[in-house]
Amino acid sequence: MIGILADIHANLEALEAVLAEAPPCERWICLGDLVGYGPNPNECCERVRKLDAVCLMGNHDAASIGRLDLDWFRDAARESIVWTREQLRSEHRRYLESFADRLTLDDLTLVHGSLVAPLVKYVSSELDAEAILDRMNTAICLIGHTHAAEYFARIGNSPCSRRHGMARGGAIALEVGTCYVVNCGSVGQPRDGNPQASYGVYDATRRELAIHRVAYPYRVTQDKVKRAGLPAWLGQRLAEGR
Ligand code: ZN
């Protein structure tokens with residue numbers, strides 16, 4: 364089994380809750396935005412590194428190591444990146460520098476945003492998903508970036524359809540002849556109305572991709588956000604899942 368993490372955003376409480384609940388996985392994937400927004404960038408780097416996870420570069424990771432301009436970000440995001448740059452220890456900066464923009468791992472294509480623009484493009488419509496489906500060489504592409512658990516499926520050559528309703532978790536039975544773009548949601552800053560941390564488990568043998576939600580003590584994270592002097596909204600939104 365493969366454990367799928369995305370958009371952890373330096374939220375250690377959410378990450379620990381996910382890792383405590385997840386079934387044993389032979390391999391872990393982190394689809395970008397390991398840091399940014401949250402108060403524990405170094406601790407989250409350390410924890411994901413310990414998992415020996417296959418890591419993709421997110422826009423916040425890239426900005427935190429100076430690879431993406433701050434002009435791409437507004438307000439609270441920009442403020443948190445400036446803060447993260449100051450906090451990041453050099454070993455973790457080097458770790459983030461090693462992340463790939465896109466990867467193929469067995470039967471999975473991995474990217475933070477979209478194959479059209481790996482770091483910054485949001486997949487928020489069927490059209491956005493089609494652009495990935497047209498470019499991938501595997502049956503499944505795993506993405507992050509929007510912080511919403513959902514997926515898109517294309518059967519044969521027919522237009523792809525969007526499957527909402529994964530915000531409470533659920534399993535996708537992967538059909539032969541169908542291609543998928545799957546967002547397993549965000550570990551550390553869910554934006555699909557459910558404040559619980561979101562992660563995925565891919566079972567290639569059973570041909571199943573499950574999305575799980577797990578409650579975590581977000582008040583602890585909110586407190587850390589406050590004490591770090593990060594924008595208050597970054598704490599508030601954790602309670603609302605948006
Ligand atoms: Zn993100």
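With positions in the sequence shown counted from 1, the corresponding number in the numbering used here is that position plus 363. Cβ coordinates follow ideal geometry from the N, Cα and C atoms, glycine included.
Hey, is residue i close to the ligand ZN, as in C-beta under 7 Å from one of its heavy atoms?
| i | result |
| --- | --- |
| His-372 | yes |
| Gly-563 | no |
| His-455 | no |
| Gly-421 | yes |
| Asp-396 | yes |
| His-575 | no |
| His-510 | yes |
Alpha carbon to alpha carbon, how far is residue i from residue j?
| i | j | result |
| --- | --- | --- |
| Leu-482 | Arg-498 | 16 Å |
| Leu-394 | Tyr-543 | 16 Å |
| Arg-456 | Gly-507 | 21 Å |
| Ala-463 | Ser-477 | 13 Å |
| Thr-467 | Ile-495 | 13 Å |
| Glu-355 | Arg-448 | Residue 355 is absent from the structure shown; the chain starts at 364 and stops at 605. |
Checking the sheet assignment: what are the DSSP bridge partners for residue i?
| i | result |
| --- | --- |
| Arg-576 | Ser-561 |
| Gly-366 | Trp-391 and Val-564 |
| Gly-399 | According to DSSP, Gly-399 bridges with nothing at all. |
| Arg-526 | Tyr-514 |
| Leu-601 | According to DSSP, Leu-601 bridges with nothing at all. |
| Thr-447 | BP columns for Thr-447 are empty, so no partner. |
| Tyr-543 | Ile-503 and Ala-516 |
| Ile-428 | The partner list for Ile-428 (beta bridge, DSSP) is empty, contrary to what the question assumes. |
Looking only at its own chain, which residues have a Cβ that is under 7 Å from the Cβ of residue i, when we skip the five neighbours before and after it?
| i | result |
| --- | --- |
| Ile-444 | Gly-399, His-423, Ala-426, Ser-427, Leu-433 and Phe-436 |
In its own chain, which residues sit with a C-beta less than 6 Å from the C-beta of residue i, not counting the 5 before and 5 after it?
| i | result |
| --- | --- |
| Thr-541 | Ala-516 and Ile-518 |
| Cys-418 | Cys-393 and Phe-462 |
| Gly-604 | Pro-553, Gly-556, Asn-557 and Pro-558 |
| Ala-591 | Pro-402 |
| Glu-460 | Ile-428 |
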